Amino acid sequence: MSTADRVTSLVRALRAHGVRIGTGESVDAARAVAALGLDNREHVREGLAAALLHDQGQRAVFDPVFDLYFPRTVGAPERPTGPADRDDLRARLAEALAANDRAALDALAAEAVDGFGGYDGGSGFSSQQALDRLRPQTLLAQIMAGIRAGGGGSGAFTDRIEADEIRRRIEEFRTRVRDEARRRVAEVRDRDEVARRMPVQTPDRTLFLYAGKDQLAELRRTVHPLARKLATRLAARRRRASRGRIDLRRTLRGSLSTGGVPMNPVLRRKRPARPELVLLCDVSGSVAGFANFTMLLVQALHDQFSKIRVFAFVNRMDEVTDLIADGAADPEGLSGRITAEATLTGWHGSSDYGTALGEFVERYGAAVGPRTSVFVLGDARNNQQDPNLPALRRIVRTARRTYWLNPESRAQWDTGDSAAGVYGDVVEMYECRNARQLSALVGRLLPV
Amino acid sequence: MFTSVDDVTARLADTGYLASPAVATTVFLAAKLGKPLLVEGPAGVGKTELAKAVAAISDARLIRLQCYEGVDESRALYEWNHAKQLLRITAGRDETWDRTRTDIFSEEFLLSRPLLTAIRGDDAKVLLIDEMDKADVEVEGLLLEVLSDFQVTVPELGTIEATRRPFVVLTSNASRELSEALRRRCLFLHIGFPEEELERRIVALKVPELDTVLAESLVRVVGALRAMDLRKVPSVAETVDWARTLLALGADRLDEEVVRASLGVVLKHQEDVQTAAAKLDLDAV
Numbered sequence: 001m002s003t004a005d006r007v008t009s010l011v012r013a014l015r016a017h018g019v020r021i022g023t024g025e026s027v028d029a030a031r032a033v034a035a036l037g038l039d040n041r042e043h044v045r046e047g048l049a050a051a052l053l054h055d056q057g058q059r060a061v062f063d064p065v066f067d068l069y070f071p072r073t074v075g076a077p078e079r080p081t082g083p084a085d086r087d088d089l090r091a092r093l094a095e096a097l098a099a100n101d102r103a104a105l106d107a108l109a110a111e112a113v114d115g116f117g118g119y120d121g122g123s124g125f126s127s128q129q130a131l132d133r134l135r136p137q138t139l140l141a142q143i144m145a146g147i148r149a150g151g152g153g154s155g156a157f158t159d160r161i162e163a164d165e166i167r168r169r170i171e172e173f174r175t176r177v178r179d180e181a182r183r184r185v186a187e188v189r190d191r192d193e194v195a196r197r198m199p200v201q202t203p204d205r206t207l208f209l210y211a212g213k214d215q216l217a218e219l220r221r222t223v224h225p226l227a228r229k230l231a232t233r234l235a236a237r238r239r240r241a242s243r244g245r246i247d248l249r250r251t252l253r254g255s256l257s258t259g260g261v262p263m264n265p266v267l268r269r270k271r272p273a274r275p276e277l278v279l280l281c282d283v284s285g286s287v288a289g290f291a292n293f294t295m296l297l298v299q300a301l302h303d304q305f306s307k308i309r310v311f312a313f314v315n316r317m318d319e320v321t322d323l324i325a326d327g328a329a330d331p332e333g334l335s336g337r338i339t340a341e342a343t344l345t346g347w348h349g350s351s352d353y354g355t356a357l358g359e360f361v362e363r364y365g366a367a368v369g370p371r372t373s374v375f376v377l378g379d380a381r382n383n384q385q386d387p388n389l390p391a392l393r394r395i396v397r398t399a400r401r402t403y404w405l406n407p408e409s410r411a412q413w414d415t416g417d418s419a420a421g422v423y424g425d426v427v428e429m430y431e432c433r434n435a436r437q438l439s440a441l442v443g444r445l446l447p448v
Numbered sequence: 001m002f003t004s005v006d007d008v009t010a011r012l013a014d015t016g017y018l019a020s021p022a023v024a025t026t027v028f029l030a031a032k033l034g035k036p037l038l039v040e041g042p043a044g045v046g047k048t049e050l051a052k053a054v055a056a057i058s059d060a061r062l063i064r065l066q067c068y069e070g071v072d073e074s075r076a077l078y079e080w081n082h083a084k085q086l087l088r089i090t091a092g093r094d095e096t097w098d099r100t101r102t103d104i105f106s107e108e109f110l111l112s113r114p115l116l117t118a119i120r121g122d123d124a125k126v127l128l129i130d131e132m133d134k135a136d137v138e139v140e141g142l143l144l145e146v147l148s149d150f151q152v153t154v155p156e157l158g159t160i161e162a163t164r165r166p167f168v169v170l171t172s173n174a175s176r177e178l179s180e181a182l183r184r185r186c187l188f189l190h191i192g193f194p195e196e197e198l199e200r201r202i203v204a205l206k207v208p209e210l211d212t213v214l215a216e217s218l219v220r221v222v223g224a225l226r227a228m229d230l231r232k233v234p235s236v237a238e239t240v241d242w243a244r245t246l247l248a249l250g251a252d253r254l255d256e257e258v259v260r261a262s263l264g265v266v267l268k269h270q271e272d273v274q275t276a277a278a279k280l281d282l283d284a285v
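In the order they appear, the protein sequences are chains W and Y. With UniProt numbering applied, the first sequence covers 1 to 448. With UniProt numbering applied, the second sequence covers 1 to 285.
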């Protein structure tokens with residue numbers, strides 16, 4: 001495979017994963033490789049990344065794809081493994097982890113895949129299988145004991161963070177094994193196919209509904225920069241909007257003294273009103289992560305609105321604005337506190353949009369006025385209850401704008417107990433499955 | 001400009017800038033391919049420093065355009081010196097209008113701002129466009145001509161082309177999304193927090209008097225802080241500040257006492273200090 005071929009295949013694989021790369025950038029990438037030579041793999045990696053990528057988020061896609069097309073080695077690891085000895089490997093792994101010896105860890109990952117990951121008589125490699133046999137996560141205690149016995153560590157205090165460091169290294173080692181397995185698979189199977197099928201996860205594409213605990217923490221970390229970005233965008237939009245339009249009536253009246261020639265256009269001055277926002281969040285089990293994340297985002301955007309009121313419901317509606325304002329320091333416990341302190345469920349524990357919307361109109365109807373934008377957040381799965389469309393219609397009528405953000409894929413709407421279609425006839429409903437979609441939607445839909 | 005990536009690394013190190021392989025490779029490529037370099041990353045990791053260091057090693061003049069909200073053409077590109085033009089008009093009362101008119105729109109009355117300055121002249125230059133994300137979107141449009149063709153069009157004078165391309169560095173904290181058109185014209189470099197080993201070397205270089213064992217545990221604690229969920233995680237600049245503080249305090253080892261007393265140097269929010277103290281178990285003793 002020539003270098004040019006490698007670069008173009010790499011570009012194709014990246015495009016298949018949604019990285020937008022133009023021809024100009026491919027040419028730059030090829031020039032970069034020509035300028036750097038192929039002697040140093042890390043230089044080639046960084047050079048290609050500089051030429052092809054446009055933001056850091058794409059690195060999560062780029063690195064594994066790069067490893068496939070510019071592999072570190074070819075074939076089995078150099079060290080003759082013979083019948084692999086699990087205990088020996090574990091001992092050497094513990095040593096390398098304690099010393100944080102990167103080169104050794106790379107070699108060990110290769111050895112582990114070769115020794116324990118093979119199946120199908122050598123045509124398949126599974127990182128899962130290798131990791132199951134090796135169980136690196138169980139090495140922690142052993143490594144810590146080894147360090148203490150050796151008198152390592154510079155004192156009681158830094159020992160405390162030692163465990164976390166080792167844990168991080170073990171996690172890195174698992175990634176190494178995964179990369180290595182993928183590389184070996186790509187050698188025997190079709191490389192392009194492997195690259196295309198490879199699962200990649202960037203935080204802003206993590207699906208809300210399936211995010212695990214770690215991923216939610218990662219998402220939370222993306223909230224702050226996201227909120228800042230949206231805030232600048234909103235501020236710019238507001239600035240533009242405040243330049244105002246011509247007030248025809250006053251311009252014409254002023255023109256009377258000049259015989260009807262409008263000499264001085266009078267601009268309509270906008271009242272400097274910040275918009276109000278009302279959020280209705282379904283916090284039942286299935287959409288809790290989504291609602292939680294959105295509430296955090298809104299909390300971060302707090303100073304963009306004169307008034308934000310947040311209501312949570314499962315089948316009863318309760319106001320949680322205060323809980324969210326208090327929770328600034330502790331986003332982690334937010335959903336826990338909401339379920340503990342607000343009355344969200346009545347007779348049963350499953351979502352009932354109809355009852356909740358009805359209760360909202362009845363108890364908090366005054367929260368919605370002509371300056372309010374209302375966002376309903378939920379999957380519209382109503383458990384076959386009455387959707388109570390009149391209540392929603394009343395909200396839509398009083399509010400300035402009403403939107404519904406649905407964390408389910410559009411294909412699943414109206415399947416099973418989903419009432420997405422029925423509600424979608426009354427309000428504009430948008431699919432909002434990940435942070436990327438959410439930020440695009442919020443940026444577009446939020447009132448100026 | 002440079003012969004190889006290692007050459008860049010070595011010469012940057014001479015000026016006191018320790019570059020990771022990623023940084024050295026991109027700088028080498030930017031010089032080689034003649035493309036602008038867009039550097040992103042958290043505050044305090046040395047984005048601006050990089051531009052200064054490149055200027056120092058290539059013996060070039062550093063021209064800096066500091067962006068802010070409201071920076072415009074006349075601040076970034078060029079401006080006509082109106083006062084001087086008026087003087088010129090009053091000085092030559094007897095001239096015909098045609099002469100005066102052509103005369104007052106000539107080089108002499110042009111005030112060159114950073115972008116135009118970087119284009120003109122034959123000496124080596126590094127153009128630093130700092131905190132691009134602070135400027136309005138319109139400014140990006142202004143930059144496109146400069147960055148892709150290294151030329152500036154002044155309607156009255158025509159197009160001014162660079163005879164010698166400047167080395168361009170744009171920095172951004174990503175507080176605003178830069179336009180795709182701008183990104184497309186640049187090589188992209190993200191400077192994140194350095195690897196433990198590199199950060200140790202940076203501390204050793206900036207605060208050479210600090211004991212190496214102490215520096216090592218310092219870098220490790222900073223690493224642990226960065227792994228926490230903080231509002232603002234400490235950057236390299238803060239690591240160096242902390243090293244200086246420890247030196248000033250005369251601390252010879254890093255223990256709870258010292259960390260608790262000086263945590264404010266690295267963490268800038270009270271909630272962060274509390275979170276970190278709880279996680280590092282400082283109050284348990």
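The beta carbon of each residue, even a glycine, is placed where N, CA and C say it ideally should be. Note that the structure is predicted; figures quoted are calculated from it, not measured.
*Under three-state DSSP, which class holds residue 207 of chain Y?*
Coil, per DSSP.
*Near-chain Y residues of the stretch 54-73 of chain W (beta-carbon distance less than 8 Å), N- to C-terminal order*: Answer set for the stretch 54-73 of chain W: 54, 55, 56 and 59.
*Apart from the five residues just before and just after residue 119 of chain Y, which ones in its own chain have a Cβ nearer than 8 Å to its Cβ?*
Correct list, in chain order: 146, 150, 151, 152, 160, 161, 162 and 166.
_Cβ contact (3+ pairs, closer than 8 Å) linking the stretch 28-41 of chain Y and the stretch 431-445 of chain W_ = By the Cβ rule, the stretch 28-41 of chain Y does not count as touching the stretch 431-445 of chain W, because fewer than three pairs are nearer than 8 Å.
*Over what stretch of residues does the alpha helix (DSSP H) that includes residue 435 of chain W continue unbroken?*
Looking at the DSSP string, the run of the alpha helix (DSSP H) that includes residue 435 of chain W is 435-445.
*For chain W, find out if any of its Cβ atoms is closer than 9 Å to the Cβ of residue 145 of chain Y; answer yes or no.*
It does not: the Cβ of residue 145 of chain Y has no partner Cβ on chain W nearer than 9 Å.
*Under a Cβ-count criterion, where at least 16 other Cβ atoms within 10 Å of its own Cβ denotes burial, should residue 125 of chain Y be classed as buried or exposed?*
If you draw a 10 Å sphere on the C-beta of residue 125 of chain Y, you find 16 or more other C-beta atoms in it, and that means buried.
*Taking the Cβ atom as the reference point for each residue, do residue 238 of chain W and residue 267 of chain W lie within a distance shorter than 9 Å?*
No.
*When you check each C-beta in the stretch 224-251 of chain Y against every C-beta of chain W, which residues fall closer than 8 Å?*
Along the stretch 224-251 of chain Y, going in chain order, the ones with a CB nearer than 8 Å to a CB of chain W are 224, 227, 229 and 231.
_Beta bridge counterpart(s) of residue 62 of chain Y as assigned by DSSP_ = Y:126, per the DSSP bridge assignment.
*Please list the residues of the stretch 18-40 of chain W that have a C-beta atom closer than 9 Å to any C-beta atom in chain Y, keeping them in chain order.*
Within the stretch 18-40 of chain W, those residues whose Cβ lies closer than 9 Å to any Cβ of chain Y are, in chain order, 20, 22, 24, 25, 28, 31, 32, 35, 36, 37 and 40.
*Check residue 264 of chain Y in the structure and name its three-state DSSP category.*
Three-state DSSP puts residue 264 of chain Y in a helix.
*Quick one: complete beta strand (DSSP E) runs, 3+ long, within the stretch 125-211 of chain Y?*
Fully enclosed beta strand (DSSP E) runs of 3 or longer: 125-130, 151-154, 158-161, 167-172 and 187-190.
*Between the Cα of residue 227 of chain W and the Cα atoms of W:284, W:161 and W:301, which residue gives the shortest distance?*
The alpha carbon of residue 227 of chain W has as its nearest neighbour, out of W:284, W:161 and W:301, the alpha carbon of W:301.
*4 or more residues per run - each alpha helix (DSSP H) lying fully within the stretch 91-148 of chain W*: Entirely contained in the stretch 91-148 of chain W, the alpha helix (DSSP H) runs reaching 4 residues are, in chain order, 102-116 and 127-134.
_residue 383 of chain W - DSSP class collapsed to helix/strand/coil_ = If DSSP states are grouped into helix, strand and coil, residue 383 of chain W belongs with coil.
*Taking residue 348 of chain W as the query, report the chain Y residues whose CB atoms sit under 8 Å from its CB, ordered along the chain.*
Ordered by position in chain Y, no residue passes the 8 Å Cβ test against residue 348 of chain W, which lies about 35 Å from the chain.
*Can you tell me the Cβ-Cβ gap for residue 457 of chain W and residue 345 of chain W, rounded? I've got them flagged as a contact below 8 Å.*
Past the edges of chain W, shown from 1 to 448, lies residue 457 of chain W, and the structure says nothing about it.
*Taking just the CA atoms, how far does residue 425 of chain W sit from residue 190 of chain Y?*
Rounded to whole angstroms, residue 190 of chain Y to residue 425 of chain W spans 45 Å at the Cα level.
*Leaving out the 5 sequence neighbours to the left and right, which residues in its chain are closer than 8 Å to residue 154 of chain W when beta-carbon positions are compared?*
Per-residue confidence for residue 154 of chain W stands at a pLDDT of 47, beneath the threshold of 50, marking its modelled position as unreliable; the derived number appears in the next sentence. Within the same chain, and ignoring the five residues on either side of residue 154 of chain W in sequence, no residue has its Cβ closer than 8 Å to its Cβ.
*Quick one: is residue 388 of chain W buried, meaning 16 or more other Cβ sit within 10 Å of its Cβ, or exposed?*
Looking at its Cβ environment, which holds 16 or more other Cβ atoms inside 10 Å, residue 388 of chain W is buried.
*For residue 127 of chain W, does the count of other Cβ atoms within 10 angstroms reach 16, so buried, or fall short, so exposed?*
Buried is the call here.
_Proximal residues, the stretch 168-187 of chain Y versus chain W, C-beta separation under 8 Å_ = Legend: CB atoms of the stretch 168-187 of chain Y lying less than 8 Å from CB atoms of chain W belong to residues 174, 175, 176, 177, 180, 183, 184 and 187.
*asked:* To the nearest angstrom, how far is the alpha carbon of residue 19 of chain Y from that of residue 149 of chain W?
replied: When rounded, the distance between both Cα atoms is 36 Å.
*Close Cβ partners of residue 468 of chain W (< 7 Å) along its chain, the five nearest in sequence each way excluded*: Because chain W here runs from 1 to 448, residue 468 of chain W falls outside it and cannot be looked at.
*Select from the stretch 16-36 of chain Y all residues with a C-beta closer than 9 Å to any C-beta belonging to chain W, and list them in chain order.*
For the stretch 16-36 of chain Y, which is checked against every Cβ of chain W, the residues closer than 9 Å are 20, 21, 22, 23, 24, 25, 26, 28, 29, 30, 32, 33 and 35.
*Below 8 Å, can you find three or more Cβ-Cβ pairs linking the stretch 120-140 of chain Y to the stretch 81-97 of chain Y?*
Verdict: no, contact absent.
*Out of Y:40, Y:58 and Y:1, point me to the one whose CA is closest to residue 311 of chain Y's CA.*
Since the first and last residues shown for chain Y are 1 and 285, residue 311 of chain Y lies out of range.
*Provide the residue(s) that pair with residue 89 of chain W in DSSP beta bridges, ordered along the chain.*
For residue 89 of chain W, which the question treats as bridged, DSSP gives no partner whatsoever.
*Using 9 Å as the limit for Cβ to Cβ distance, is residue 50 of chain Y near chain W?*
For residue 50 of chain Y, not one C-beta of chain W is nearer than 9 Å to its own C-beta.
*Would you decide whether residue 271 of chain Y is buried or exposed? Buried here means 16 or more other CB atoms lie within 10 Å of its CB.*
In the assembly as shown, residue 271 of chain Y is an exposed residue. Its beta-carbon has fewer than 16 other beta-carbons within 10 Å.
*Members of the stretch 349-374 of chain W near chain Y, C-beta cut-off 9 Å*: Those residues of the stretch 349-374 of chain W placed with their C-beta closer than 9 Å to a C-beta in chain Y do not exist.
*Run down chain Y in chain order and give the residues with a C-beta less than 8 Å from the C-beta of residue 232 of chain W.*
Close to residue 232 of chain W, with beta-carbon spacing below 8 Å, are these residues of chain Y in chain order: 175 and 176.
_Can you find the residues in the same chain that come closer than 8 Å, C-beta to C-beta, to residue 50 of chain W, ignoring five residues on each side of it along the sequence?_
The answer, listed in chain order, is 32.
*Around the C-beta of residue 45 of chain Y, are 16 or more other C-beta atoms found within 10 angstroms, so that it is buried, or is it exposed?*
With 16 or more Cβ atoms within 10 Å of its Cβ, residue 45 of chain Y is classed as buried.
*Would a check of beta-carbon distances place residue 199 of chain Y closer than 9 Å to chain W?*
It does not: the Cβ of residue 199 of chain Y has no partner Cβ on chain W nearer than 9 Å.
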